[in-house]
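This report concerns only the one structure given below.
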Ligand SMILES: C[S@@+](CC[C@H](N)C(=O)[O-])C[C@H]1O[C@@H](n2cnc3c(N)ncnc32)[C@H](O)[C@@H]1O
C-alpha cells in the first residue's frame, strides 16, 4: 500500500473510484486517490466542465441551507449522503444563523464516515453516522437520529446529489415517500439530481455516464425531469426565484447569489434541484 493509502479503512478498495472521493476531488478537496482523479479527468475530457457540476451542486446546497436556516427558520437538519467534510459544511452554514441548530450527517462511504466522525462529531449538536440512505426505515430508527432530532418539530432533509447515484431498479419515489411521511408538517426537503434534458442536449451527460462506467463507477444516472419530479411527493415547492413560477430548475437558476457574468455552458445546467415544504 502506498503512502497515499496508508490511512485507508481496510474494507476500501483503493483501485476502484468512489462517488464521495470523486466529488471531493471535483470540489478541490484532498481526500481522494489517483483512481478517483483519473475518473474525474476522463469525464472532463469527454464533456468539458463535467467536474464543474460538483461545484454547481455544492454552491446550491449552501444557498438552499441559508434559505432553510434564515427564511424558513429550520433548526434541525438530516443531511443524507453528506459526503466528505468540505469547505462549508451544512452545520457551519446553519450555525452562522443559529448556533443551537442540530445536524445529523449520514453517508455509507467508509472514508466519508471516518473523516466525518473525526471532523464533524466534535460538537454536541452535530453527529455523523454511517448508513444507507436507500433504507429509510433504518435511517429513521437509528438511535443517533432519534436521539438528536425531534420528529415533532420541523426538520430539513437533504437529498443533495445523492439519488442520481442510486440504481434504476430501486423504488426511489417510494423511498422519498417514506421519508416525507415521517417528517412533521412545516418540514422541508432539499433535493438535487443529475438531469438528462433528452435528445442532442443530453449527449454530453450520456458521455459522462459512459466514461464513469468505463472507470468502474456505475453510479451516475442522469434522469428526466418527470422522473425527478416524482422524488418530491406532496411537497409545496419554493419558487426558484423572484419572478419564477417554477420550483424545480437547473441549480444555476435557483436563487443565484448575484448577477452572472459569462455563460456557464450547457453541461452545468444538467442538474436540477428544488426545495419543497411539507404542508
Ligand atoms: C455527490 S456526493 C454529494 C455530497 C453532498 N450531499 C453534497 O451535495 O455536497 C454523493 C454522496 O452520497 C453518498 N451516497 C451514495 N449512495 C449512498 C447511500 N446509499 N447511502 C448513503 N450515502 C450514499 C456518497 O458516498 C457521497 O458521499
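Numbering (this note's numbering), first residue to last: 6 to 284. C-beta atoms are modelled at their ideal positions from N, C-alpha and C, and glycine is treated no differently. If you're wondering where the values come from, they're calculated on a predicted model, not measured in any experiment.
- For residue 163, the beta-bridge partners assigned by DSSP are 84, 195.
- Residue 82 counts as buried, since at least 16 other C-beta atoms from the protein chains shown sit within 10 angstroms of its C-beta.
- Taking non-hydrogen atoms of ligand 1 into account, the C-beta of residue 34 is found less than 8 Å away from none of them.
- In the assembly as shown, residue 28 is a buried residue. Its beta-carbon has 16 or more other beta-carbons within 10 Å.
- Judged by DSSP secondary structure, residue 135 falls within the beta strand (DSSP E) whose first and last residues are 131-135.
- Around the beta carbon of residue 129, fewer than 16 other beta carbons lie within 10 angstroms, which makes this residue exposed.
- Taking non-hydrogen atoms of ligand 1 into account, the C-beta of residue 133 is found less than 8 Å away from none of them.
- With at least 16 other beta carbons inside 10 angstroms of its own, residue 164 counts as buried.
- Taking the C-beta atoms as reference points, residue 255 is found nearer than 9 Å to residue 273.
- For residue 21, there is no enclosing alpha helix (DSSP H), since its DSSP letter is neither H nor E.
- Among the bridge pairs identified by DSSP, residue 278 is matched with 197, 254.
- Taken in chain order, the unbroken stretches of alpha helix (DSSP H) that lie wholly in the region 12-74 and span 4 residues or more are 24-31, 39-51, 57-71.
- The straight-line gap separating the alpha-carbon atoms of residue 123 and residue 250 is approximately 42 Å.
- Residue 112 carries a strand assignment under DSSP once its states are collapsed to helix, strand and coil.
- A direct Cα-to-Cα measurement between residue 252 and residue 71 gives close to 17 Å.
- In terms of Cα proximity to residue 245, the closest of 233, 139, 259 is 259.
- Per DSSP, residue 99 is one residue of the alpha helix (DSSP H) stretching across 95-100.
- The three-state secondary structure of residue 220, taken from DSSP, is coil.
- Looking only at 75, 275, 139, the smallest Cα-Cα distance to residue 211 is reached by 275.
- Residue environment analysis places residue 190 among the exposed positions, since fewer than 16 neighbouring C-beta atoms fall within 10 angstroms of its C-beta.
- Residue pairing of residue 188 in beta bridges, as defined by DSSP: absent, with no partner found.
- Distance from the CA atom of residue 151 to the CA atom of residue 145, rounded to whole angstroms, is 7 Å.
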